[in-house]
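Residue numbers (my numbering), protein chains in the order written: chain A, 72 to 382; chain B, 17 to 546. The beta carbon of each residue, even a glycine, is placed where N, CA and C say it ideally should be. Here the structure is a predicted model, which is why all the values come from computation and not from measurement. To keep things clear, I will list the structure first and then write my remarks on it.
Here it is as structure tokens:
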């Protein structure tokens with residue numbers, strides 16, 4: 072198990088290096104600079120002296136290779152650089168926002184798990200029933216609805232019409248503020264989990280060992296608990312891992328819409344003004360998050376299903 | 017038309033002054049929205065050129081001058097009076113004796129010298145350095161060639177003498193967000209970024225990154241009886257649609273409207289009576305690069321101005337959230353010429369001008385444009401068929417906002433569409449057409465006219481404001497005749513406010529920036545706000 076764990080962790084390193092290289096290259100060739108973005112809204116006249124001073128201060132006048140070497144050297148020391156905009160360490164900016172992003176992603180995933188898995192399970196146990204039909208229609212709708220539009224609908228319904236919840240913001244960090252963005256973000260993984268669970272459970276229900284269990288006289292409850300649930304778990308864990316890993320990335324739109332102070336909104340703002348160190352740092356953190364979750368999922372597989380460890 | 021527009025501007029003013037009627041009530045919390053992004057870059061406002069940080073400035077800080085939206089001009093803020101030398105270059109300021117910083121330090125001349133040196137310090141590369149450059153000796157200091165700014169002189173604690181480079185109106189550069197005064201007794205300057213200390217009516221309380229800044233009433237503010245509010249939550253809300261829901265749900269007290277919302281709010285009872293409008297000091301335009309052969313000829317540029325039906329685009333696309341432009345200086349400029357007519361929509365005249373210029377068969381050009389709905393690709397797409405009718409083919413070249421700035425300031429375009437600052441100081445606004453202003457500064461259309469230069473230089477030397485404005489008015493008319501740009505519109509900024517909010521003013525420099533110490537909340541506000 073230790074060797075398996077080490078191997079999976081080591082596999083993350085080349086992925087991070089490739090991603091870091093790609094991010095650097097992409098943001099070195101896209102047009103637009105931070106200094107020019109300061110005048111982009113036309114609300115002040117361009118100041119060539121200030122542009123020159125800023126480009127020099129941020130090292131943007133240096134050759135591309137020299138900047139790349141600096142970037143990689145800093146990265147190797149876990150230094151994500153300094154924000155052009157705030158002149159604060161990028162790691163601090165991300166640290167300020169990471170808590171809110173994690174809060175949102177975890178709440179969305181919990182919502183998706185608590186609702187999606189039981190619904191998928193029940194739908195599979197009663198295929199063709201009204202519950203199954205309604206669940207699957209709901210799942211398809213959840214997958215096809217644009218999150219931005221769904222978020223606006225939720226705002227109109229629960230904030231404006233029913234006046235149950237605040238429509239935006241972090242407030243004082245209360246649970247009430249979290250509900251709308253988390254539910255909006257959680258709808259897609261919920262729909263996917265419901266469908267995946269249903270498919271996984273149906274597959275297991277048709278397996279020979281389930282028929283054997285029934286023929287041995289095991290009760291329905293025991294069959295479901297001991298055989299169906301355990302065997303369907305691998306597929307569910309895979310879906311949860313993939314979805315949870317990508318939730319922070321997906322949250323960009325939701326954070327922007329609900330004025331939620333996570334790293335998604337930080338990324339959007341930073342791209343617009345070409346605050347390259349923040350963009351690079353934020354994307355790297357999102358990628359790392361994805362890789363860590365996936366590695367964790369692989370390790371959980373091995374724990375659930377010993378065959379995977381042997382392979 | 018112009019009379020009607022001026023009347024509209026006056027009406028905006030009356031809305032605001034009406035809101036300032038007697039009966040001010042103290043107490044309450046204002047929930048104010050900062051609509052230009054989802055974060056504050058820094059709380060050290062001297063370091064930030066962004067509009068977003070101006071919201072913090074208005075609450076926490078003060079400068080030597082401030083903008084008076086009712087009088088439409090800069091006024092003394094941190095001095096009770098000033099004396100000006102005969103040649104107009106030396107100003108002696110008698111500072112407010114009752115002004116105290118939030119850390120308890122009384123305001124003295126040392127704070128001005130400290131602040132202006134900090135802003136101009138070449139190591140800082142602060143955006144306000146160009147404003148401080150109007151002080152004698154500042155250029156040398158900014159270039160690192162001098163230890164002090166020679167034009168700054170402390171007479172005594174309460175008297176400051178500033179020598180300027182010329183007989184300018186120092187109110188415009190020294191009322192800026194980036195030229196506010198900090199206390200000179202804070203040892204760790206980096207603390208300003210997280211714990212701002214100013215002279216304003218509100219004290220910094222809390223910053224939740226990406227969410228909000230909270231400020232509370234300062235008990236020792238120098239204006240007696242002010243501020244009225246106990247607290248302001250300045251919340252970050254960049255999304256128009258989300259702001260709309262929050263405003264209708266009464267979660268926020270003000271909201272800046274885009275064209276679509278403006279149209280919707282005008283048609284709704286309960287919303288339409290609480291809209292504050294003002295002609296802001298921005299001119300939307302398409303700048304022509306004279307290096308591109310057809311644009312060398314004034315008749316071609318004039319033809320484009322005649323070929324486009326600007327009022328129609330403003331009505332259909334911009335939903336009347338703009339005033340048609342007649343020239344560069346906007347309606348709210350003191351040098352605006354209300355008698356000068358805009359280019360009439362006249363395709364036949366456009367064709368004739370093109371034929372005279374040798375382009376009877378038309379030509380093709382590219383317009384670099386950002387995605388902005390009011391001055392970007394959608395507008396270029398709207399002019400496309402109009403110009404096609406006179407034989408000109410337009411190709412939009414979409415770029416991101418930050419890339420637009422790069423393309424324009426590096427002169428890498430045939431034409432560009434942008435919204436540019438055209439006030440409040442007409443002298444500074446017309447600097448962008450002075451031939452000695454670099455293309456990369458703001459003479460984006462590389463304009464050069466000896467006739468204009470002569471008038472502009474005369475205006476620079478003129479000390480009588482009325483005569484100076486007259487000279488600038490003439491200079492502005494020359495720009496209009498030469499048409500270095502297509503004059504599209506002046507932005508009409510619109511703010512929706514809740515009926516319990518009073519004291520908002522039609523700030524032509526930026527409507528979203530309001531004097532918080534004037535704002536008060538009446539008895540009809542929800543309990544959570546009272």
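Beta-carbon proximity of residue i to residue j, cut-off 7 Å
i: residue 177 of chain B; j: residue 184 of chain B; result: no
i: residue 244 of chain B; j: residue 42 of chain B; result: yes
i: residue 224 of chain A; j: residue 206 of chain A; result: no
i: residue 197 of chain B; j: residue 168 of chain B; result: no
i: residue 325 of chain A; j: residue 256 of chain A; result: yes
i: residue 210 of chain A; j: residue 265 of chain A; result: yes
i: residue 523 of chain B; j: residue 85 of chain B; result: yes
i: residue 502 of chain B; j: residue 330 of chain B; result: no
i: residue 375 of chain A; j: residue 305 of chain A; result: yes
i: residue 272 of chain A; j: residue 213 of chain A; result: no
i: residue 265 of chain B; j: residue 231 of chain A; result: yes
i: residue 154 of chain B; j: residue 165 of chain B; result: yes
i: residue 373 of chain B; j: residue 316 of chain B; result: yes
Counterpart residues of residue i in DSSP-defined beta bridges
i: residue 202 of chain B; result: Bridge partners of residue 202 of chain B: none, in fact.
i: residue 83 of chain B; result: B/90
i: residue 347 of chain A; result: BP columns for residue 347 of chain A are empty, so no partner.
i: residue 511 of chain B; result: B/272 and B/292
i: residue 101 of chain A; result: Answer is none; residue 101 of chain A lacks a bridge partner.
i: residue 303 of chain B; result: B/432 and B/501
i: residue 99 of chain B; result: B/108
i: residue 228 of chain B; result: B/224 and B/251
i: residue 381 of chain B; result: B/410
i: residue 339 of chain B; result: B/506
i: residue 518 of chain B; result: B/536
i: residue 153 of chain A; result: A/160
i: residue 180 of chain B; result: B/151
Residue i, buried or exposed, once every other Cβ within 10 Å from all chains shown has been counted against 16
i: residue 431 of chain B; result: buried
i: residue 218 of chain B; result: buried
i: residue 526 of chain B; result: buried
i: residue 360 of chain B; result: exposed
i: residue 348 of chain B; result: buried
i: residue 482 of chain B; result: exposed
i: residue 247 of chain A; result: exposed
Contacts around residue i, its chain only, beta-carbon distance under 7 Å, and the 5 residues preceding and following it disregarded
i: residue 84 of chain A; result: none
i: residue 127 of chain A; result: none
i: residue 444 of chain B; result: 188
i: residue 368 of chain A; result: 308, 309 and 312
i: residue 193 of chain A; result: 202
i: residue 515 of chain B; result: 290 and 540
i: residue 228 of chain B; result: 249, 250, 251 and 252
i: residue 538 of chain B; result: 41, 516 and 518
Residues near residue i in its chain [Cβ-Cβ closer than 6 Å; skip 5 each side]
i: residue 125 of chain A; result: 106
i: residue 104 of chain A; result: 345
i: residue 458 of chain B; result: 448
i: residue 421 of chain B; result: none
i: residue 277 of chain B; result: 260
i: residue 361 of chain A; result: 316
i: residue 213 of chain B; result: 117, 118, 119 and 199
i: residue 479 of chain B; result: 104 and 183
Nonlocal neighbours in the same chain, by C-beta distance under 8 Å from residue i, ignoring five residues either side
i: residue 159 of chain B; result: 138
i: residue 126 of chain B; result: 170, 173 and 200
- Mind checking the segment 406–439 of chain B against chain A and listing, in chain order, the residues whose C-beta falls within less than 9 Å of any C-beta there? 415, 416, 417, 418, 419, 420, 421, 422, 423, 424, 425, 426, 434, 435, 436 and 437
- Give the residues from the segment 260–288 of chain B that approach chain A closer than 8 Å (Cβ to any Cβ), ordered along the chain. 261, 262, 264, 265 and 267
- Task: Using a Cβ-Cβ cut-off of less than 9 Å, list which residues of the segment 222–235 of chain A approach chain B; keep chain order.
- Result: 222, 223, 226, 227, 230, 231 and 234
- Task: Would you list, in chain order, the members of the segment 173–192 of chain B that have their beta-carbon closer than 7 Å to a beta-carbon of chain A?
- Result: none
- Select from the segment 190–219 of chain A all residues with a C-beta closer than 9 Å to any C-beta belonging to chain B, and list them in chain order. 219
- Message: At a CB distance below 8 Å, what residues from the segment 95–112 of chain B approach chain A? Give them in sequence order.
- Response: none
- Interfacial residues, the segment 437–466 of chain B to chain A, with Cβ spacing under 7 Å: 437, 448, 454, 456, 457 and 458
- Residues in the segment 336–356 of chain A having any Cβ partner in chain B nearer than 8 Å: 336, 337, 339, 340, 343, 344 and 345
- Query: Any residues in the segment 94–116 of chain A with a beta carbon nearer than 9 Å to a beta carbon of chain B? Which ones, in chain order?
  - Reply: 101, 102, 103, 104, 105, 106, 107, 108, 109, 110, 111, 112, 113, 114, 115 and 116
- Query: Between the segment 277–306 of chain A and chain B, which residues of the former have a C-beta closer than 7 Å to a C-beta of the latter?
  - Reply: none
- For the segment 238–255 of chain B, which residues have a beta carbon sitting closer than 8 Å to at least one beta carbon of chain A? 251, 252, 253, 254 and 255
- Listed in chain order, which residues of the segment 218–239 of chain B have Cβ atoms closer than 9 Å to some Cβ of chain A? 224, 225, 226, 227 and 228
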